[in-house]
Amino acid sequence: MIANYVEEAIKELERNPKYHDEINKLASAHVLTMDVDEEETFDACGAKFTRDGKLAIVFGADRLGSNTGDAFWHKNLEKGISLAPTTDTLSFYARKSIREDYEPDIADVQSELKDILHKDITLHPHFEEVYEKLKQTKDGTDFDQYLGAFILNYFRGLVSTLKWRKFDSDDMLQEALNEAMEKGEVHFRILDTVEGSSGEAAIEDGILYLQTSPDKWGSNIDDISNNIMDLL
């Protein structure tokens, strides 16, 4: 029975190489062990990382031998990694969202902004600051799983608004915005309170800010810069 757990776990690890770096970091002792899932974190079985750097196959007290192939199923691996002791500022799910949902597409957003404003624009997502601010009020929710996707879409919302307001075809609007945001930077941030249904745009010291608050996080994302004309 134990051999079956181990054999199935190895198969799952071979199927999912994208988790190897995380696992090697958390399981620094390079020891595989088994234990009872006393906290009942998983249904039948799952993966946990101990404080002394071991990777454990855990099973329910009354579920030994049940669903042995599920211990390192990718969803259980992700859950185990996310709950592991770590010094990382960002959670596993936040890092995963940034890697999978933000990084592959953000260059296209920057390119679109350059096409609209005829100027290189630097985007600053401030993931760690945003994560820490949201964690204060949303800890225990799945907000971190959408960190990358939501911030990407806030930046996309700016692109959509600029096109809707005809910045892409109006030289005077382009010049006015470029002059106002002379540093050529767009920053995303979370404030305690903001105006608007989703948030708002603001310009400070030559920088364009897209800003929302924890209670409006993820709501009407495309509308965050609807007030852009009022800033010029």
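Adding 845 to a residue's 1-based position in the sequence shown gives its number in the numbering used here. C-beta atoms are modelled at their ideal positions from N, C-alpha and C, and glycine is treated no differently. Keep in mind it's a predicted model, so treat the numbers as computed, not measured.
Note on geometry: alpha-carbon atoms of GLU852 and ILE1035 lie some 46 Å from one another.
Between the beta-carbon of ASN912 and that of ALA889 there is about 4 Å, and that keeps the pair under the 8 Å contact cut. With contacts defined as CB atoms closer than 8 Å, ILE1052 and MET1026 qualify as a contacting pair. Taking a cut-off of 8 Å on C-beta distances, the segment 922 to 936 touches the segment 855 to 870, as three or more cross pairs fall below it. A residue is called buried when at least 16 other Cβ atoms come within 10 angstroms of its Cβ; GLY910 does not meet this threshold and is exposed.
Within the segment 980 to 1024, the runs of alpha helix (DSSP H) at least 4 residues long that lie entirely inside it are, in chain order, 992 to 1009.
DSSP places ALA1047 in the strand class (E or B) of the three-state scheme. With contacts defined by Cβ atoms closer than 8 Å, ALA916 and TYR850 form a contacting pair. Ranking LEU1007, PHE894 and PHE887 by CA distance to the CA of SER873 puts PHE894 first. In the same chain as HIS969, and ignoring 5 residues on each side of it, the C-beta atoms closer than 8 Å to its own belong to GLU1030, VAL1031, HIS1032 and PHE1033, in chain order.
Judged by their CB atoms, ALA939 and LEU992 are nearer to each other than the 8 Å cut-off.
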